[in-house]
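Enquirer: For the sequence shown, the working numbering assigns the number 6 to the initial residue and increments by one for each residue that follows.
Yeah, the Cβ is synthetic: ideal placement off N, Cα and C, and Gly gets one too.
Sharing a structure, written as structure tokens. Questions coming.
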Amino acid sequence: MTQDPTIPLRAALAQAPAQQFIDGDFRTPCGDGLIDILDPATGALLSQASAGEAADIDAAVKAARQAFDDGRWSGLPPARRQDMLLKLADLVAADADALALTESLDNGMPLMMAKMGGVMGAVGMLRYFAGWATKLGGETITPSWPGEWLGYTRREAVGVVGAITPWNFPLVMAVGKLAAALAAGCTVVLKPAEQAPLSAMRLARLVAEAGFPAGVVNIVTGYGHQAGAALVAHPGVDKISFTGSTLVGQQILRESAATMKRVTLELGGKSPTFIFGDADLERAIPAAAMGIFGNAGQVCAAGSRLFVHTSVFDRVAEGLTARAQSLRVGPGTDPATEMGPLISARQRDRVASYIEAGREAGVSLLAGGNTKGDAGYFIEPTILLEPGADLSVSREEIFGPVLCLMRFGDDDLDTIAARGNDSQYGLSSAIWTQDITRAHKLANRLRAGTVRINGSGPPDPALPLGGFKASGFGRENGRAGLEIYTELKTVTVALT
Ligand code: NAI
Ligand code: MG
6 MTQDPTIPLR
16 AALAQAPAQQ
26 FIDGDFRTPC
36 GDGLIDILDP
46 ATGALLSQAS
56 AGEAADIDAA
66 VKAARQAFDD
76 GRWSGLPPAR
86 RQDMLLKLAD
96 LVAADADALA
106 LTESLDNGMP
116 LMMAKMGGVM
126 GAVGMLRYFA
136 GWATKLGGET
146 ITPSWPGEWL
156 GYTRREAVGV
166 VGAITPWNFP
176 LVMAVGKLAA
186 ALAAGCTVVL
196 KPAEQAPLSA
206 MRLARLVAEA
216 GFPAGVVNIV
226 TGYGHQAGAA
236 LVAHPGVDKI
246 SFTGSTLVGQ
256 QILRESAATM
266 KRVTLELGGK
276 SPTFIFGDAD
286 LERAIPAAAM
296 GIFGNAGQVC
306 AAGSRLFVHT
316 SVFDRVAEGL
326 TARAQSLRVG
336 PGTDPATEMG
346 PLISARQRDR
356 VASYIEAGRE
366 AGVSLLAGGN
376 TKGDAGYFIE
386 PTILLEPGAD
396 LSVSREEIFG
406 PVLCLMRFGD
416 DDLDTIAARG
426 NDSQYGLSSA
436 IWTQDITRAH
446 KLANRLRAGT
456 VRINGSGPPD
466 PALPLGGFKA
476 SGFGRENGRA
486 GLEIYTELKT
496 VTVALT
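The following block contains the structure:
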């Protein structure tokens with residue numbers, strides 16, 4: 006009989022010392038504060054991480070500053086930076102099983118998602134951005150001045166990047182920011198989320214093994230209001246790249262003004278999906294279900310508002326209800342699990358209180374609505390039937406497996422789009438119809454950073470991702486996602 010693979014990993018995590026990765030070394034933290042890292046499937050203690058303080062952040066920023074200013078990274082030939090990123094990609098790929106198991110234990114997500122979306126997603130990010138290291142460049146521009154001139158632009162690394170990441174996809178979020186910043190020639194201080202820092206600390210070992218110059222990558226665990234806030238306030242940091250809540254994003258924007266940091270924010274969403282009467286329901290129904298129940302709804306681009314044409318409403322509602330009721334909910338490390346727990350008791354209670362608020366407002370439920378099991382932070386896949394557009398469940402990001410299901414009739418596209426756009430957010434959206442004119446006209450009318458027509462795959466490193474309105478600004482991934490880590494310099498030369 007094969008042994009439960011989580012047993013040796015749990016033992017190793019329980020004994021792992023709480024360290025910070027600074028200037029190429031694993032260091033004893035400045036303070037002795039510890040963060041309990043819990044298994045969201047049981048609530049049991051998995052490990053402890055250092056509650057990094059301003060002094061740890063200061064040491065990390067100084068190391069990153071030194072490494073940036075002396076050109077040990079930005080001054081390397083671009084092909085060398087590419088090779089280092091490819092080396093790290095290979096090391097991450099070789100460690101895929103253990104990394105995925107770590108991520109699944111720490112975050113609660115199904116093991117397959119941790120492996121494909123998490124670890125292999127991270128490998129894809131590293132390989133994609135490795136290629137950009139040698140392709141970053143500017144333009145040649147001729148000024149209209151009298152005489153003969155040469156003008157050109159350069160893309161230069163912005164400097165020291167503070168990367169602050171959330172717990173919903175811990176590894177791929179951290180690696181995505183690292184890969185783009187490093188390709189551009191920046192050095193980085195990464196502050197992973199306090200709820201799920203274990204994959205980032207495992208990544209630190211791979212960074213050390215890959216042989217990056219000291220100080221190029223630093224990883225400091227800690228709470229947001231301590232380590233995170235210290236990173237945002239530090240004058241040695243040139244740019245903050247943040248993914249997380251809108252509230253903290255706004256705070257970071259305010260705090261960054263004092264030191265004029267560049268800021269990229271990838272924040273929340275309340276993303277609409279539209280299923281028209283002519284849609285391929287065989288594909289649209291499971292996609293809509295995964296769009297909200299995948300990773301227990303803890304996805305920035307989750308399709309949390311579903312608008313269905315009245316002619317197919319009953320079929321879609323039945324299909325979704327059947328899916329919600331049959332989804333296997335359990336620990337992420339159980340291979341049979343399709344939906345894991347929420348990240349924490351706090352997040353579970355937060356989601357439950359939204360459902361409760363909906364119930365109190367008289368909203369009826371097609372499925373779910375309850376917490377599940379005695380241990381762990383489980384919530385049933387939940388469908389709310391036509392909640393009023395002004396209710397908190399319809400307006401706020403719940404970040405749990407809770408779908409708002411609405412219907413629409415034969416309205417014009419402006420009216421349909423307006424319902425989708427009736428949100429402070431504008432991160433993503435989805436359209437299901439066979440009518441290409443309708444699909445593209447609606448795509449033009451939606452105020453969202455992404456529109457998916459008739460399906461989509463996992464996040465692709467080549468596709469820009471980011472939000473309109475309160476969903477943030479700046480774009481990650483693609484060329485745009487590289488350029489956010491650069492400054493544009495104009496050079497002119499008199500040739501006369
Ligand atoms: P959060 O925004 O507090 O945490 C995200 C990251 O920011 C963590 O690393 C945290 O330590 C850090 N942080 C917190 N306060 C900070 C501060 N003052 N200065 C610098 N860094 C700080 O998100 P939280 O509290 O974990 O989740 C609350 C809600 O936020 C969720 O229910 C969800 O609605 C939303 N959220 C959205 C995410 C997305 O992917 N867009 C990811 C995580 C949360
Ligand atoms: Mg918070």
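According to DSSP, which residues form a beta bridge with Y430?
Expert: K474
Enquirer: Going straight from the alpha carbon of G299 to that of K446, what length do you get?
Expert: 28 Å
Enquirer: Relative to the C-alpha of A168, which residue among G123, G273, L451, F247 is closest?
Expert: F247
Enquirer: Give the straight-line distance between the Cα atoms of L468 and R15, rounded to the nearest whole angstrom.
Expert: Answer to the nearest angstrom: the Cα atoms are 36 Å apart.
Enquirer: Would you report the Cα separation of T315 and G414, rounded to the nearest angstrom?
Expert: 6 Å
Enquirer: If I measure Cβ to Cβ from A69 and keep anything under 6 Å in the same chain, skipping five residues before and after, which residues do I get?
Expert: V165, T192, V194, G220, N223
Enquirer: In this structure, how does DSSP classify D30 when only helix, strand and coil are distinguished?
Expert: strand
Enquirer: Given a threshold of 16 other Cβ atoms within 10 Å of its Cβ, counted over all protein chains shown, does P291 qualify as buried or as exposed?
Expert: Counting every other CB atom within 10 Å of its CB across the protein chains shown gives P291 a total below 16, marking it as exposed.
Enquirer: What three-state label does DSSP hand K377 in the structure shown?
Expert: Strand.
Enquirer: Sorted by chain position, which residues of the same chain lie with C-beta nearer than 8 Å to W154's C-beta, five sequence neighbours on each side aside?
Expert: T147, P148, T497, V498, A499, L500, T501
Enquirer: Compare the Cα-Cα distances from P115 to each of R267, A301, R424 and report the closest residue.
Expert: Nearest neighbour of P115 by Cα position, chosen from R267, A301, R424, turns out to be A301.
Enquirer: If you count every other CB in all the chains shown that lies within 10 Å of the CB of N482, and 16 or more means buried, which is it?
Expert: Per the 10 Å Cβ criterion, buried.
Enquirer: Give me the Cβ distance between A235 and A59, rounded to the nearest whole Å; I'm assuming they're in contact under 8 Å.
Expert: 4 Å
Enquirer: Should the stretch 355-366 be called in touch with the stretch 410-429, which here means at least 3 C-beta pairs below 8 Å?
Expert: Segments in contact, no.
Enquirer: On the CB-based measure, 16 or more other CB atoms within 10 Å of its CB, does N449 come out buried or exposed?
Expert: By the neighbour-count rule (16 or more Cβ atoms within 10 Å), N449 is not buried but exposed.
Enquirer: With a cut-off of 8 Å, do at least 3 Cβ pairs link the stretch 339-353 to the stretch 378-386?
Expert: yes
Enquirer: As an exercise, report each continuous alpha helix (DSSP H) stretch of at least 4 residues that is fully enclosed by the stretch 338-397, in chain order.
Expert: 350-365
Enquirer: So, at 8 Å on beta carbons, what are the nonlocal neighbours of D285 in its own chain, with the 5 sequence-adjacent residues on each side left out?
Expert: W437, Q439, N459
Enquirer: Using only the alpha-carbon positions, how far apart do L389 and I403 sit?
Expert: In this structure, the straight-line span from the alpha carbon of L389 to that of I403 is close to 12 Å.
Enquirer: Counting along the chain, where does the beta strand (DSSP E) carrying Y157 start and finish?
Expert: 154-162
Enquirer: Is there at least one non-hydrogen atom of ligand 1 closer than 7 Å to the beta-carbon of G249?
Expert: yes
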